[in-house]
Each structure stands twice: as structure tokens, then as C-alpha cells.
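> Here's a structure for you.
Residue numbers (the numbering used here): 277 to 561.
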């Protein structure tokens, strides 16, 4: 390939990529930006702040937002921005655990129910209906009472509650794909049940489930923050987002930023996850 040909080819490619970027909605780009920033906080918190997430500075209690402390300080002189940054690791890791538990268990149950049918489908779906009949917060609290307090236990409880949603969606997708002509042709050509399930049914059923996982990620952060606010999550001085909101409620009259800042972060992350989920859902068949 000559230099002129390569230059012409690259010139043809650039407008295509430019057009694609222009087609990306602004809200979706902002959502991905928020998610990437929060993930960077969780991965490398010391890169974004020079303050400790747990140690306070004497004489710096309840400082308002300033150039030195962007989001102010709490009642123990700890930098609020640093606590939010370090808290991302705890909140996001809990959300990942919750989504993983719900995704794996729910998809497995939905896959078995939709593929086997019959009495197996009936039993699994009645179990799922029973889980959906109980309020999610009450069911989460019941599981936490059995497992104990802590971020991981709260995450497992939130994930167990979401199993029913994943199972119902996975089952409906498996039933739809199972009735497709190419699946029937695969069975007709001698394919075994598990081989057809693995090669054809499962890959073509996961698009909507993955979109739900993105939505559930935001819901898991909200649920974990709620349980942390109620005192069931990580104990102090762990900088978990729900705990930060709970600690700041005692200073609402004179230090509103202690509750407003972590609350705004939670809202932005949840809304961003919801926007990304909608974008992924549009790619579903």
C-alpha cells in the first residue's frame, strides 16, 4: 500500500468515526464519564486526593467548602472529598458483588426454567414469585440478620434480592430464543440439549440480561447506601457513602455539605447507570 493510498483510506475512515461520535447522545457521554471517574476513584483513590479517608486534622472541624477543602470537612476534621473518593471502593465493590450474585444465580435459574420447562419451570417461577412478593428492603434486612452486618454481607443480601428479577428476564429471553428456527434446526441436526443451550440459546439471551445488570448496578449502590445509612453496612470510620450521609444528618443546620455532597454522588452514579442501561437495552433484539 502506497502512502497516498493509506492517506486516502484514513481520510475515508475519519468521517465515519466522527459521525459515530456525533451520534452519541450528550447524556450518555456524561453517564459514561461519571462512571469512569467513580471507577478511577475506586481503583486509585490516592491519585485524586492527598488527604486520608479516615484520619482527621485537629482544629479543622466543620470547615465549609474552600480551596483547601473542596467539599469541606466533617465533625472530626476529615476532608469530605477524600472520604467520598475512598468510599467509592467500598460502595462500588459492594455493588459489583451484589450484581454478580444476582446475575449468576438469576441467569442460571432462568436458563434452567426456560430451557427445561414443565414442572421444573413451574417450581422455579413460583419461588421467584414468592421472592418478588416480599418487599426488597424487608427481604434484605432478613438476610442481613442471618449473615451479620458488614459491606460484603449487605452486598450478598442485595444480590440475593435481585435474583428474582434476573431469573424472570432470563427465562423470558430463553423461551423466546428456544422457539427460534435456528435452535430447532440445531436440535434437528443432532445437537445435544446442553450443546445447543451453550452455543445458541445462552449467547442470544444475554443482551437484555446485561442491560438489566447495568440498571441493577445503580440500584445496588442505592440499596447498599440505604442499608449503610440505617447502620447495617460498614462500621465507622469506614468511608462508605451511605454512612457518610448518615453521619452528616446530625449537622444539617450548620454543615449541609456533609449530607448533600455524598448524596449527590450517589444520585449521579445511579442516574448514570440507568442511562447506560437504557442504551444497552436498545441493542437488545
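Every residue gets a Cβ at the ideal spot worked out from N, C-alpha and C, and that includes glycine.
Return the chain-ordered list of same chain residues with a C-beta closer than 6 Å to the C-beta of residue 443, the five sequence neighbours on each side being excluded.
So the qualifying residues of the chain are 382, 385, 386 and 404.
> CB-CB under 8 Å to residue 473, same chain, minus the five flanking residues each way: which ones, in chain order?
387 and 391, listed in sequence order.
> Have a look at 349, 343 and 315 and flag the residue whose alpha-carbon is nearest the alpha-carbon of residue 330.
Comparing Cα positions, the closest option is 349.
> For the putative contact between residue 326 and residue 338, defined by C-beta atoms under 8 Å, what is the C-beta separation to the nearest angstrom?
At roughly 20 Å, the Cβ-Cβ gap does not stay under 8 Å, so residue 326 and residue 338 are not in contact.
> Across which residues does DSSP place residue 349 in a beta bridge pair?
Paired residues: 355.
> So, is residue 429 buried or exposed, given that buried needs 16 or more other C-beta atoms within 10 angstroms?
Residue 429 is buried by the Cβ-count criterion.
> Which whole runs of the alpha helix (DSSP H) in the region 442-511 are 4 residues long or more, in chain order?
List check, alpha helix (DSSP H) in window: 457-464, 469-472 and 482-505.
> Report yes or no: do the region 534-542 and the region 408-422 share at least 3 C-beta pairs separated by less than 8 Å?
Cβ pair count under 8 Å is below three, so no.
> Classify residue 327 as helix, strand or coil using the three-state DSSP reduction.
In this structure, residue 327 counts as coil in the three-state DSSP scheme.
> Could you check whether residue 401 and residue 409 sit closer than 9 Å to each other, using their CB atoms as the reference points?
Cβ distance not < 9 Å, so residue 409 and residue 401 don't count as in contact.
> Anyone know if the C-beta pair for residue 308 and residue 360 falls short of 9 Å?
No. Outside cutoff.
> Quick check: what's the CA-CA separation for residue 482 versus residue 526?
Straight-line Cα distance between these residues: approximately 45 Å.
> According to the neighbour-count rule (16 or more other Cβ atoms, all chains shown, within 10 Å of its Cβ), is residue 500 buried or exposed?
Flag for residue 500 reads buried.
> Taking just the CA atoms, how far does residue 358 sit from residue 446?
If I take the Cα positions, the gap works out to 40 Å.
> Against chain C, does residue 506 count as a neighbour if the rule is that its beta carbon must be under 9 Å from one of theirs?
The structure shown contains no chain C, having only a single protein chain.
> Buried or exposed: where does residue 366 fall if 16 or more other Cβ atoms within 10 Å of its Cβ makes it buried?
Buried: at least 16 other Cβ atoms inside 10 Å.
> Reducing DSSP to helix, strand and coil, say where residue 245 ends up.
The requested residue 245 does not occur in the structure, where the chain is confined to residues 277 to 561.
> Tell me which residues share the same chain as residue 523 and place their Cβ nearer than 8 Å to its Cβ, disregarding the 5 neighbours each side in the sequence.
Same-chain partners within the cutoff: 350, 351, 512 and 534.
> Would you kindly check if the distance between the Cβ of residue 493 and the Cβ of residue 371 is under 9 Å?
For residue 371 and residue 493, yes; Cβs fall inside 9 Å.
> Can you tell which of 340, 332, 301 and 321 has the C-alpha that lies nearest to the C-alpha of residue 529?
Selected option, being the one with the closest Cα: 340.
> Helix, strand or coil: how does DSSP classify residue 322 here?
The answer is helix: DSSP assigns residue 322 an H, G or I state.
> Quick one, are the C-beta atoms of residue 552 and residue 304 less than 9 Å apart?
Yes.
> Please report how far the alpha carbon of residue 347 lies from the alpha carbon of residue 310, in whole angstroms.
Using only the alpha carbons, I get a separation of about 18 Å.
> Hey, would you say residue 517 sits closer than 9 Å to residue 497, going by beta carbons?
Closer than 9 Å, so yes.
> By DSSP, does residue 524 sit in helix, in strand, or in coil?
Three-state result, residue 524: helix.
> Could you tell me whether the Cβ atoms of residue 440 and residue 407 are closer together than 9 Å?
Yes; because the gap between Cβ atoms is below 9 Å, this pair is in contact.
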